[in-house]
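What follows is one structure encoded as structure tokens, with my remarks underneath.
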Amino acid sequence: MFTKYLITFLVSMVPVVELRGAIPIGVGLGLPLVPTYILCVIGNMVPVPFIYLFARRILEWGADKKVIGKPFRWILEKGKRGGEKLQKGAGNGLFVALMLFVGIPLPGTGAWTGTLAASLLDMNFRKSVIAVMCGVCIAGVIMALASMGLFGAIGAVFLK
């Protein structure tokens, strides 16, 4: 049982997959929904302060390096585009925009991208972490509901 929780926790920390993939994995492994949700929110939030504080510096440092420059520049550009899009659409409501950006489970809109965008926009650290956490909780609820429906339907069809 511990191994299943550990796998779910670690998957929730992985960029792109994040809790959006970890919750269905946890449910698919037979873990109870509420502990899986809580574990995935925590796991998805663990990298957020590090991303905010260090990712921009590391990416800017590596952007002109021969081997790593191209992917680092791509990530920086993606973060800048995401940040500019957020700022353009939000105006003074940047907190809510960031929360919704992270909260709507679409490709490229998770905690990693949202935090990088907040860092590139020089948003307040505390406010951006709170906005990302609210967004992660929203995405978690959406994914939990989707997982219950998907795996409930699979169980109803194949386990009867």
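Going by my numbering, the first residue of the sequence shown is number 290, and it counts up by one from there. C-beta: ideal position from N, C-alpha, C; glycine also.
Buried/exposed call for residue i, threshold 16 Cβ in 10 Å
i    : result
L389 : buried
M432 : buried
M290 : exposed
I393 : exposed
E366 : exposed
P304 : exposed
I340 : buried
P321 : exposed
I494 : Residue 494 lies beyond the residue range present for the chain, which begins at 290 and ends at 449; the question has no answer from this structure.
Residue i in three-state terms, based on DSSP
i    : result
A352 : coil
P338 : helix
P313 : helix
L410 : coil
L405 : helix
G397 : coil
G438 : helix
V430 : helix
Check whether residue i and residue j have beta carbons under 9 Å apart
i    : j    : result
A428 : G399 : yes
M302 : M422 : no
V316 : S436 : yes
T297 : C329 : yes
G371 : R345 : no
The alpha helix (DSSP H) enclosing residue i, as first and last residue numbers
i    : result
Y294 : 291-302
Y326 : 322-334
L464 : Given that the chain is displayed from residue 290 to residue 449, the structure contains no residue 464 and the question cannot be resolved.
G392 : 383-392
Rounded distance between the beta-carbons of residue j and residue i, thought under 8 Å
i    : j    : result
L410 : Q376 : 6 Å
V385 : V425 : Not really, about 15 Å apart at Cβ, beyond 8 Å.
V337 : V418 : 6 Å
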